[in-house]
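K.L.:
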Amino acid sequence: MKKNFVFLVLLLLPALVLAQTGNDEEAAMQYYQEGNYKKAAEALEGLFSRTKDDAYFGLYFNALLKSKQYPEAEKVTKKLIRQNPASLKYEIALGRVYKEEGQQENSAKTFDHVVSNLPKDETVIREIANNLYQIEEYDVAIKVFQQGRKTLGNEQAFIFELLSLYRYKKDKAMLVQEFLNALGSTPQMLPQAQTVLSSVFEGNSDYLNLQNTLFKKIQIEPENESYTRLLIWQYLQQQEYDMALRQLIAQDKRTRADGTALFENAQVFTSNKAYDTAIKAYDYLVTKGKDNPYYLPSRLAAVDARYQSLLLGKNNEAEVVALASQYQAIIDEYGKNSRTLFAMRKLATIEAYYLHHLEKAEEALETAVKIPGISAAEMAELKLELGDVYVLTGQPWEAILVYGQVAKDYENQNIGNEAKYRSARLSFFQGNFSYAKSQADVLKASTTQLIANDALNLSLLISDHLETAADTLALKLYASAELMQFRNNSKAALDKLDSISVLYPQNRLADDILMAKSRIYMKSGDFNKSAALLKELIAHPQQNIWTDDALFILAGLYEEHLHEPEQAKILYQRLITDFPGSMFTAEARKHFRKLRGDNIES
């Protein structure tokens, strides 16, 4: 009977222990959640003593620290270190005790001992660093990974962990070093490096640090093309396009490549309006010969880049003549057909607005509209261009007829509304203000915001300056100046605008004249004069129809041409705040976020 009783007790003992453990755990957790850490520590001590479960130790240890029982915490961790000399997690706990108690020297010594005694086991090293990360000992975690590389004899170990830590700490210098270390063996990480670095870099000094570090790396490992590609990327971020091109050409020659990277980056130069650099890139690709896949695309792209440069007013007359000859050469070589329509249109623009060969331009466009195989959309655009040339040649009725055809064929569509606006603009040039205003008023409801804005401005311009005979005469001079500028005769336009205040000193066109002159100077590439006029316009005590336009244009000048991003940010912010309903607000917000360093897709 006695033996049976003993057996029964032994049989029930585990269940009794589990029941007791469950009750103690429930009580301990209740104390812990209530913030009664002293009682929680007492309950958890018993649980850990009975079970030796590290989960209970973690709670027990935290309860001791939260209740500031540092001597007890130190005693417990030292005992566990003696019992488990191979496990470094208890040493980490001891270092934490010392730190929270204010014993910084002992804490540092303990953590140093952890770093110096790492096992030759990658998984365990990662676990130790993770424990340190969880208690916010980021610098010690970094030391663990760095020492772990030495212990394992592998400088490529823990790349992603270190990158994550450096990024979290915003240690840009070490982030650069670690990415360069990674690129040494893993070149496919280049896009990640570019994305991360662009998100953490804050200014020119960061990029210069990257540049200097890359120079040293390239000297040591000149065969690693990842470093060169990152250097090229750095130049692009800094808008040092000529330096980027120099590296691209050197890389192309060194690797005997087919020019793909050069062609792609030449398109980047073009999109950033670095046309001179783009032209050099395309011209280099052309020298690779007709067998190169980029020969013809580069030849055409180089001509187009010269054309875009022309539109910015950066070419002298000799360069304009040379560009016209290049387009003519394309037409002569490939004929007048749908494939060369782009060349015919751009040549007509050059002849009309830059060389002032109006008859040649008119003839070219009249020939172009007869070419078979042209899409309906292209035909509509051609007719609008032809209508503009008719305005230049003094054939307003022909222009109105062509504009009318497009407006009728594309009723209530964007290009149809554009045709109506050009017709209204022509009426304005002619001084037929009432009819121009009636047409503009209809277009104010256009679905195209740009056309609606232009129509609104035209309508307000007319309605604000017809109250007196003097106002009307001043407006006629202004319209004449606008026609001069439409003909790309900037000097005559400026002279006409300056004469308005002399002939009609009481005119109210001051703001309109400032905007018109600023656009003329901007088109001719004189960005400083344009900016000065825009600042004068913005500074006027009362807001006018041009204030939001002026803010947006001036911000763009500061951002793209005058290289004063902080001034651009201020102006974009003012536009967003003061003109929430402006058609420019959404775009201003994008530019502001980009200048602020936000990581945005568009």
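Mind the numbering: the sequence shown is residues -19 to -1, 1 to 583 in mature numbering (1 follows the signal peptide of the UniProt record, and there is no 0), read in order. Note that CB positions come from ideal geometry on N, CA and C, so glycine has one too.
1) Excluding the five sequence neighbours on either side, which residues of its own chain have a C-beta within less than 7 Å of the C-beta of residue 44, listed in chain order?
2) Candidates 182, 107, 27: which alpha carbon is nearest residue 130's?
3) Of all the options 373, 375, 394, 366, which has the alpha carbon lying nearest to the alpha carbon of residue 384?
4) Does DSSP put residue 155 in a helix, a strand or coil?
5) Considering residue 126, what are the terminal residues of the alpha helix (DSSP H) in which it resides?
6) Give the range of the alpha helix (DSSP H) segment to which residue 490 is assigned.
7) Could you please give the first and the last residue of the uninterrupted alpha helix (DSSP H) stretch that includes residue 27?
8) Compute the distance between the beta-carbons of residue 518 and residue 543, then report whether it is under 8 Å.
9) Given residue -2, which residues of its chain have a CB within under 7 Å of its CB, disregarding the five upstream and five downstream residues?
10) Please report the straight-line C-alpha distance between residue 320 and residue 272, rounded to a whole angstrom.
11) Going by DSSP in three states, residue 236 sits in which element: helix, strand or coil?
12) Among residues of its own chain, excluding the 5 on either side of residue 344, which ones have a beta-carbon nearer than 6 Å to its beta-carbon?
13) Considering only their Cβ atoms, is the gap separating residue 301 from residue 260 smaller than 8 Å?
14) Output the distance between the C-alpha atoms of residue 499 and residue 475, rounded to the nearest integer angstrom.
15) Ignore the nearest five residues each way along the sequence and tell me which others in residue 183's own chain have a CB closer than 7 Å to its CB.
16) Quick one: Cα of residue 425 to Cα of residue 444, how far?
17) Between residue 370 and residue 333, which are expected to be in contact by the criterion C-beta below 8 Å, what is the C-beta distance as a whole number of angstroms?
18) Helix or strand or just coil, what does DSSP make of residue 560?
19) What did DSSP end up calling residue 426 once you bin it into helix, strand or coil?
20) Can you have a look at residue 416 and say buried or exposed, based on whether 16 or more other CB atoms are within 10 angstroms of its CB?
21) From the DSSP output, in three-state form, read off residue 375 for me.
22) Where does residue 378 land, buried or exposed, given buried means 16+ other C-beta within 10 angstroms?
23) Buried or exposed: which applies to residue 34, given that a residue is buried once 16 or more other Cβ atoms fall within 10 Å of its Cβ?
24) Alpha carbons only, please: which of 99, 438, 115, 291 is nearest the one belonging to residue 74?
25) Which of the three DSSP states, helix, strand or coil, is assigned to residue 182?
26) Just the Cα atoms here: how many angstroms apart are residue 219 and residue 292?
27) Please report how far the alpha carbon of residue 29 lies from the alpha carbon of residue 112, in whole angstroms.
P.N.:
According to the structure shown:
1) 13, 18, 21, 22, 25
2) 107
3) 366
4) helix
5) 119 to 133
6) No alpha helix (DSSP H) holds residue 490; DSSP gives it neither H nor E.
7) 18 to 32
8) no
9) At residue -2 the pLDDT is 40, less than 50, meaning the model places this residue with poor confidence; the figure from the coordinates comes in the next sentence. Nothing meets the Cβ criterion.
10) 21 Å
11) helix
12) none
13) no
14) 10 Å
15) 578
16) 14 Å
17) 5 Å
18) coil
19) coil
20) exposed
21) coil
22) exposed
23) exposed
24) 115
25) coil
26) 25 Å
27) 20 Å
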